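Quick notes on the structure that follows.
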Amino acid sequence: MKTITIDCDTGGERLDTFLASIIDGLTRSAAQRLIESGRVTLSDAPTRKNHRTSPGESYAVTLDDPEEMAAAPQDIPLDVVYEDSDVIVINKPRGMVVHPAPGHSDGTLVNALLSHCGDSLSGIGGVKRPGIVHRIDKDTSGLIIAAKNDRAHIALAGQLAARTLTREYDAIVRGALKTDRGTIDAPIGRHPQDRKRQAVTEKNSRPAVTHYEVVAVYSGYTHVRCRLETGRTHQIRVHMAHIGHPILGDAVYGRKKPELGLSSQCLHARKLKFLHPATNEPIQLESELPEYFKTVLGSMT
(Lines of atoms letter the chains of each structure in order from A; the text may use other names.)
(Lines give C-alpha, C1' and ligand atoms only; values in the text may rest on other atoms or scores of the structure.)
Protein backbone atom coordinates (compact mmCIF):
# COMPACT_ATOMS: atom_id res chain seq x y z
CA MET A 66 0.00 0.00 0.00
CA LYS A 67 0.99 3.63 -0.41
CA THR A 68 -0.32 6.85 1.11
CA ILE A 69 -0.73 10.00 -0.93
CA THR A 70 -1.63 13.51 0.19
CA ILE A 71 -4.30 15.43 -1.71
CA ASP A 72 -4.79 19.14 -1.16
CA CYS A 73 -8.25 20.54 -1.79
CA ASP A 74 -8.68 23.95 -3.43
CA THR A 75 -12.44 23.82 -4.01
CA GLY A 76 -15.33 23.48 -1.57
CA GLY A 77 -18.80 22.03 -1.21
CA GLU A 78 -18.23 18.76 -3.09
CA ARG A 79 -18.87 15.35 -1.58
CA LEU A 80 -15.58 13.77 -0.58
CA ASP A 81 -16.15 10.53 -2.51
CA THR A 82 -16.95 12.49 -5.68
CA PHE A 83 -13.91 14.72 -5.18
CA LEU A 84 -11.54 11.78 -4.72
CA ALA A 85 -12.91 9.98 -7.78
CA SER A 86 -12.34 13.10 -9.88
CA ILE A 87 -8.74 13.59 -8.82
CA ILE A 88 -7.31 10.06 -8.55
CA ASP A 89 -6.87 8.41 -11.93
CA GLY A 90 -8.80 5.16 -12.28
CA LEU A 91 -10.67 5.54 -8.96
CA THR A 92 -14.44 5.16 -9.18
CA ARG A 93 -16.83 6.81 -6.77
CA SER A 94 -17.79 3.44 -5.27
CA ALA A 95 -14.12 2.59 -4.76
CA ALA A 96 -13.61 5.97 -3.09
CA GLN A 97 -16.52 5.19 -0.76
CA ARG A 98 -14.91 1.87 0.20
CA LEU A 99 -11.64 3.64 1.00
CA ILE A 100 -13.45 6.13 3.22
CA GLU A 101 -15.53 3.45 4.97
CA SER A 102 -12.40 1.41 5.71
CA GLY A 103 -10.74 4.40 7.38
CA ARG A 104 -8.13 4.88 4.67
CA VAL A 105 -9.00 8.53 4.06
CA THR A 106 -8.13 10.87 6.91
CA LEU A 107 -8.36 14.60 7.55
CA SER A 108 -6.05 15.94 10.27
CA ASP A 109 -5.31 12.30 11.20
CA ALA A 110 -9.03 11.60 11.80
CA PRO A 111 -11.20 9.28 9.67
CA THR A 112 -13.71 10.94 7.35
CA ARG A 113 -17.20 10.13 6.08
CA LYS A 114 -18.15 9.64 2.44
CA ASN A 115 -20.74 12.44 2.58
CA HIS A 116 -18.23 14.89 4.06
CA ARG A 117 -18.23 18.14 2.09
CA THR A 118 -14.83 19.44 1.07
CA SER A 119 -13.52 22.87 2.01
CA PRO A 120 -10.65 24.84 0.48
CA GLY A 121 -7.37 24.31 2.30
CA GLU A 122 -8.17 20.81 3.56
CA SER A 123 -5.51 18.14 3.07
CA TYR A 124 -6.46 14.46 2.91
CA ALA A 125 -4.22 11.44 3.43
CA VAL A 126 -5.39 8.59 1.19
CA THR A 127 -3.99 5.07 1.51
CA LEU A 128 -4.24 3.13 -1.75
CA ASP A 129 -3.56 -0.47 -2.64
CA ASP A 130 -0.56 -0.99 -4.87
CA PRO A 131 -1.87 -1.30 -8.44
CA GLU A 132 -1.69 -4.69 -10.08
CA GLU A 133 -0.35 -4.03 -13.53
CA MET A 134 -1.87 -6.29 -16.15
CA ALA A 135 0.48 -6.97 -19.00
CA ALA A 136 -0.89 -5.86 -22.37
CA ALA A 137 -1.55 -8.73 -24.79
CA PRO A 138 -0.32 -8.74 -28.40
CA GLN A 139 -3.06 -8.08 -30.94
CA ASP A 140 -2.76 -8.35 -34.70
CA ILE A 141 -3.79 -4.78 -35.50
CA PRO A 142 -2.49 -3.23 -38.76
CA LEU A 143 0.10 -0.51 -38.27
CA ASP A 144 1.22 2.26 -40.62
CA VAL A 145 4.98 1.95 -40.05
CA VAL A 146 6.87 5.04 -41.22
CA TYR A 147 10.34 4.01 -40.00
CA GLU A 148 11.76 0.95 -38.29
CA ASP A 149 15.13 -0.51 -37.39
CA SER A 150 16.55 -2.53 -34.51
CA ASP A 151 16.35 0.43 -32.11
CA VAL A 152 13.24 2.45 -32.90
CA ILE A 153 9.91 2.27 -34.68
CA VAL A 154 7.81 5.23 -35.78
CA ILE A 155 4.09 4.76 -36.39
CA ASN A 156 1.57 6.98 -38.13
CA LYS A 157 -1.22 6.56 -35.57
CA PRO A 158 -4.80 6.86 -36.80
CA ARG A 159 -7.28 9.12 -35.05
CA GLY A 160 -9.29 7.16 -32.48
CA MET A 161 -6.52 4.77 -31.39
CA VAL A 162 -5.46 4.89 -27.73
CA VAL A 163 -1.69 4.70 -27.20
CA HIS A 164 -1.58 2.36 -24.20
CA PRO A 165 -4.03 0.39 -22.03
CA ALA A 166 -5.93 2.45 -19.48
CA PRO A 167 -9.25 2.21 -17.63
CA GLY A 168 -11.91 1.75 -20.28
CA HIS A 169 -9.34 0.85 -22.95
CA SER A 170 -7.85 -2.50 -22.01
CA ASP A 171 -7.11 -3.57 -25.57
CA GLY A 172 -7.09 -2.35 -29.16
CA THR A 173 -4.33 0.13 -28.30
CA LEU A 174 -1.11 1.02 -30.09
CA VAL A 175 0.80 -0.96 -27.45
CA ASN A 176 -1.23 -4.10 -28.20
CA ALA A 177 -0.42 -3.68 -31.89
CA LEU A 178 3.28 -3.00 -31.22
CA LEU A 179 3.58 -6.14 -29.09
CA SER A 180 2.27 -8.19 -31.99
CA HIS A 181 4.44 -6.44 -34.56
CA CYS A 182 7.69 -6.27 -32.58
CA GLY A 183 7.42 -9.35 -30.38
CA ASP A 184 9.75 -9.10 -27.39
CA SER A 185 11.84 -6.32 -28.90
CA LEU A 186 10.36 -3.36 -27.03
CA SER A 187 11.90 -1.35 -24.22
CA GLY A 188 10.70 -2.37 -20.76
CA ILE A 189 11.21 1.02 -19.15
CA GLY A 190 7.55 2.00 -19.54
CA GLY A 191 6.37 -1.07 -17.62
CA VAL A 192 4.09 -3.84 -18.82
CA LYS A 193 1.34 -1.41 -19.85
CA ARG A 194 3.60 0.98 -21.78
CA PRO A 195 6.45 -1.06 -23.29
CA GLY A 196 8.51 1.07 -25.65
CA ILE A 197 6.38 4.20 -25.26
CA VAL A 198 8.61 7.29 -25.11
CA HIS A 199 5.93 9.95 -25.56
CA ARG A 200 2.18 9.95 -26.09
CA ILE A 201 -0.39 11.64 -28.28
CA ASP A 202 -4.09 11.85 -27.52
CA LYS A 203 -6.55 9.19 -28.67
CA ASP A 204 -8.19 11.57 -31.16
CA THR A 205 -4.93 13.10 -32.39
CA SER A 206 -3.51 11.44 -35.48
CA GLY A 207 0.08 11.25 -36.63
CA LEU A 208 3.64 10.29 -35.79
CA ILE A 209 4.68 8.63 -32.55
CA ILE A 210 8.00 6.96 -31.75
CA ALA A 211 8.61 3.84 -29.66
CA ALA A 212 11.89 2.37 -28.41
CA LYS A 213 12.88 -1.24 -29.04
CA ASN A 214 15.42 -1.44 -26.21
CA ASP A 215 16.21 0.34 -22.96
CA ARG A 216 19.29 2.09 -24.33
CA ALA A 217 17.25 3.66 -27.12
CA HIS A 218 14.47 4.58 -24.67
CA ILE A 219 16.88 6.37 -22.33
CA ALA A 220 18.49 8.26 -25.23
CA LEU A 221 15.16 9.39 -26.69
CA ALA A 222 13.79 10.36 -23.28
CA GLY A 223 16.93 12.45 -22.80
CA GLN A 224 16.27 14.24 -26.07
CA LEU A 225 12.72 14.97 -24.94
CA ALA A 226 14.00 16.40 -21.67
CA ALA A 227 16.64 18.47 -23.49
CA ARG A 228 13.98 19.68 -25.97
CA THR A 229 16.01 18.45 -28.94
CA LEU A 230 13.40 15.97 -30.18
CA THR A 231 11.30 18.12 -32.51
CA ARG A 232 7.54 17.54 -32.80
CA GLU A 233 5.39 19.56 -35.18
CA TYR A 234 1.60 19.44 -35.47
CA ASP A 235 -0.95 20.77 -37.92
CA ALA A 236 -4.28 22.00 -36.56
CA ILE A 237 -7.34 23.91 -37.62
CA VAL A 238 -8.38 26.48 -35.03
CA ARG A 239 -11.38 28.74 -34.71
CA GLY A 240 -11.05 32.39 -35.68
CA ALA A 241 -8.27 34.47 -37.21
CA LEU A 242 -5.01 34.92 -35.30
CA LYS A 243 -3.68 38.43 -34.84
CA THR A 244 -0.15 37.51 -35.94
CA ASP A 245 1.18 35.05 -38.51
CA ARG A 246 3.54 33.51 -35.99
CA GLY A 247 4.09 33.59 -32.28
CA THR A 248 4.99 31.79 -29.07
CA ILE A 249 2.69 30.80 -26.23
CA ASP A 250 4.70 30.59 -23.01
CA ALA A 251 2.19 29.72 -20.31
CA PRO A 252 2.44 27.06 -17.55
CA ILE A 253 0.01 24.14 -17.62
CA GLY A 254 -1.42 22.12 -14.74
CA ARG A 255 -4.67 20.49 -13.68
CA HIS A 256 -7.77 22.64 -14.11
CA PRO A 257 -8.72 24.08 -10.69
CA GLN A 258 -12.38 23.02 -11.01
CA ASP A 259 -12.28 20.06 -13.41
CA ARG A 260 -9.56 17.59 -12.49
CA LYS A 261 -9.90 15.69 -15.77
CA ARG A 262 -8.87 18.76 -17.77
CA GLN A 263 -5.69 20.78 -18.00
CA ALA A 264 -5.47 24.57 -17.85
CA VAL A 265 -3.06 27.48 -17.96
CA THR A 266 -2.45 28.09 -14.27
CA GLU A 267 0.32 29.21 -11.95
CA LYS A 268 -0.67 26.68 -9.26
CA ASN A 269 0.85 23.18 -9.33
CA SER A 270 1.86 23.66 -12.96
CA ARG A 271 4.88 23.07 -15.17
CA PRO A 272 6.40 25.34 -17.83
CA ALA A 273 4.86 24.92 -21.28
CA VAL A 274 5.97 26.54 -24.55
CA THR A 275 4.29 26.22 -27.95
CA HIS A 276 5.46 27.98 -31.12
CA TYR A 277 2.92 28.49 -33.91
CA GLU A 278 2.69 29.85 -37.44
CA VAL A 279 -0.24 30.39 -39.77
CA VAL A 280 -0.43 28.12 -42.83
CA ALA A 281 -3.69 29.41 -44.34
CA VAL A 282 -6.67 31.54 -43.32
CA TYR A 283 -10.29 30.64 -44.08
CA SER A 284 -13.64 32.18 -43.21
CA GLY A 285 -13.89 31.73 -39.45
CA TYR A 286 -10.97 29.29 -39.19
CA THR A 287 -7.18 29.15 -39.49
CA HIS A 288 -4.84 26.31 -40.46
CA VAL A 289 -1.84 26.55 -38.10
CA ARG A 290 1.39 24.66 -37.59
CA CYS A 291 2.60 24.20 -34.02
CA ARG A 292 5.99 23.16 -32.69
CA LEU A 293 6.25 21.85 -29.16
CA GLU A 294 9.15 23.01 -27.04
CA THR A 295 7.73 21.14 -24.05
CA GLY A 296 5.30 18.23 -23.94
CA ARG A 297 2.57 18.73 -21.36
CA THR A 298 -0.72 16.85 -21.44
CA HIS A 299 -3.08 18.40 -24.04
CA GLN A 300 -0.54 21.21 -24.49
CA ILE A 301 -1.51 22.48 -27.95
CA ARG A 302 -5.22 22.13 -27.21
CA VAL A 303 -4.89 24.06 -23.94
CA HIS A 304 -2.61 26.75 -25.34
CA MET A 305 -4.69 27.47 -28.43
CA ALA A 306 -7.86 27.68 -26.33
CA HIS A 307 -6.01 29.96 -23.90
CA ILE A 308 -5.33 32.54 -26.62
CA GLY A 309 -8.95 32.39 -27.79
CA HIS A 310 -8.52 30.00 -30.74
CA PRO A 311 -9.57 26.49 -29.66
CA ILE A 312 -8.98 23.62 -32.05
CA LEU A 313 -11.85 22.77 -34.34
CA GLY A 314 -13.82 19.80 -33.02
CA ASP A 315 -12.30 19.89 -29.54
CA ALA A 316 -15.34 19.41 -27.29
CA VAL A 317 -13.19 19.54 -24.13
CA TYR A 318 -11.50 22.91 -24.66
CA GLY A 319 -13.68 24.41 -27.40
CA ARG A 320 -17.27 24.17 -28.55
CA LYS A 321 -19.23 21.32 -26.99
CA LYS A 322 -21.20 20.50 -30.14
CA PRO A 323 -19.77 18.95 -33.35
CA GLU A 324 -18.53 21.52 -35.82
CA LEU A 325 -18.07 21.03 -39.59
CA GLY A 326 -18.80 17.35 -39.05
CA LEU A 327 -16.04 16.88 -36.46
CA SER A 328 -16.68 15.52 -32.97
CA SER A 329 -12.98 15.36 -32.03
CA GLN A 330 -10.03 17.71 -32.41
CA CYS A 331 -8.58 18.41 -35.84
CA LEU A 332 -4.96 17.89 -34.78
CA HIS A 333 -2.27 15.91 -36.59
CA ALA A 334 1.34 15.14 -35.52
CA ARG A 335 3.00 15.80 -38.87
CA LYS A 336 6.74 15.83 -38.21
CA LEU A 337 9.30 14.14 -35.96
CA LYS A 338 12.99 15.02 -35.90
CA PHE A 339 15.45 13.27 -33.58
CA LEU A 340 18.97 11.92 -33.31
CA HIS A 341 19.18 8.18 -33.80
CA PRO A 342 19.90 6.68 -30.36
CA ALA A 343 22.62 4.36 -31.72
CA THR A 344 24.28 6.32 -34.55
CA ASN A 345 23.50 9.90 -33.46
CA GLU A 346 22.52 10.65 -37.05
CA PRO A 347 19.61 13.10 -37.51
CA ILE A 348 16.35 11.53 -38.66
CA GLN A 349 13.45 13.59 -39.92
CA LEU A 350 10.08 12.00 -40.72
CA GLU A 351 6.88 13.56 -42.01
CA SER A 352 3.30 12.38 -42.36
CA GLU A 353 0.78 13.60 -44.92
CA LEU A 354 -2.40 15.18 -43.66
CA PRO A 355 -4.97 12.40 -43.12
CA GLU A 356 -8.20 12.25 -45.10
CA TYR A 357 -10.37 13.70 -42.31
CA PHE A 358 -8.12 16.77 -42.19
CA LYS A 359 -8.11 17.18 -45.97
CA THR A 360 -11.90 16.84 -46.07
CA VAL A 361 -12.31 19.67 -43.57
CA LEU A 362 -9.91 21.90 -45.50
CA GLY A 363 -11.77 21.11 -48.71
CA SER A 364 -15.08 22.11 -47.14
CA MET A 365 -13.69 25.54 -46.26
CA THR A 366 -12.33 26.51 -49.68
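Adding 65 to a residue's 1-based position in the sequence shown gives its number in the numbering used here. Beta carbons: idealized from backbone N, C-alpha and C, even for Gly. The structure presented is a predicted model; accordingly, all values stated were derived computationally and were not measured.
For residue i, name the three-state secondary structure that DSSP assigns.
i: VAL361; result: helix
i: ARG194; result: coil
i: VAL146; result: strand
i: ASN345; result: coil
i: SER86; result: helix
i: ALA316; result: coil
i: LEU340; result: strand
i: ARG200; result: coil
i: ARG98; result: helix
i: ASN115; result: coil
i: VAL162; result: coil
Between the Cα of residue i and those of the options, spot the shortest distance and give me the residue it belongs to.
i: LYS243; options: GLY76, ASP235, VAL282 and ASP74; result: VAL282
i: LEU179; options: ILE141, VAL162, VAL238 and ILE209; result: ILE141
i: PRO158; options: THR275, LEU313, VAL145 and ASP72; result: VAL145
i: ASP215; options: LEU327, ASP259, ARG79 and PRO342; result: PRO342
i: ASN156; options: THR82, GLN300 and ILE210; result: ILE210
If you count every other CB in all the chains shown that lies within 10 Å of the CB of residue i, and 16 or more means buried, which is it?
i: ARG271; result: exposed
i: ASP202; result: buried
i: ASP204; result: buried
i: GLY168; result: exposed
i: GLU297; result: The question names Glu, yet the displayed sequence has Arg at residue 297. That one is buried.
i: GLN353; result: Rather than Gln, the amino acid found at residue 353 in this sequence is Glu. Exposed: under 16 other Cβ atoms inside 10 Å.
i: THR112; result: buried
i: PRO257; result: exposed
i: ARG98; result: exposed
Measure the CB-CB distance between residue i and residue j and report whether it falls below 7 Å.
i: THR295; j: ALA273; result: yes
i: TYR277; j: GLY247; result: yes
i: HIS333; j: GLY207; result: yes
i: GLY76; j: SER108; result: no
i: LEU362; j: LEU350; result: no
i: HIS307; j: ILE237; result: no
i: GLY196; j: ALA212; result: yes
i: THR275; j: ILE253; result: no
i: ASP235; j: ARG335; result: yes
i: ALA137; j: PRO165; result: no
**OP:** Let me know the beta strand (DSSP E) ranges lying completely inside the segment 202-282, each 3 residues or longer, listed in chain order.
**Re:** 206-212, 231-239, 246-250, 253-255 and 263-265
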